[in-house]
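Take the sequence shown: its letters are residues -4 to 124, numbered as in this note's numbering.
Ideal Cβ placement from N, Cα and C applies to all residues, glycine included.
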Amino acid sequence: MPSKPRKQEKSAGASPLDAKARALAEEQEKLRQEIERNERLIKEAPKIAKEWERTRREELIKRRSRTDARPGSHVALHDRRHVLELDPGRPLRQKKLRAERRRGRLLFFFLLFTFGLVVYWAYWVFTHQ
């Protein structure tokens, strides 16, 4: 039997130009999605920054109040929002700080005086030989 002549079928990916056009269309779609994602990120960035700043501030307050709870801690500051929660029977910290400053000053001058005596002694020993 004689065979009928076949019609040339146009295949979707037969031509190199069609393959290139499809690749470009896919790349364009990916770029469009990435642009949309970046635009969403830009719109949400101030909210994210505010949230991050708020959590960082809360963490700092929590950390400072934790050191304040230690007995004898003179480094931490009081959280002024909770002034009414302080124990009224507890002695004020300012008196302790003044006493410590006074002790520190006396120690400094004692050490300075001792250092002066050592320098004078060394001068006396090395110049009168």
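- Per the coordinates, the alpha-carbon of Phe121 lies some 15 Å from the alpha-carbon of Gly111.
- Ile56 and Arg49 have their C-alpha atoms roughly 11 Å apart.
- Going by C-alpha positions, Gln23 is about 22 Å away from Lys38.
- Going by C-alpha positions, Lys45 is about 12 Å away from Glu53.
- Shown here, Ser60 sits in a helix according to DSSP, grouped into three states.
- Looking at the backbone, the Cα of Pro41 and that of Arg35 are separated by about 11 Å.
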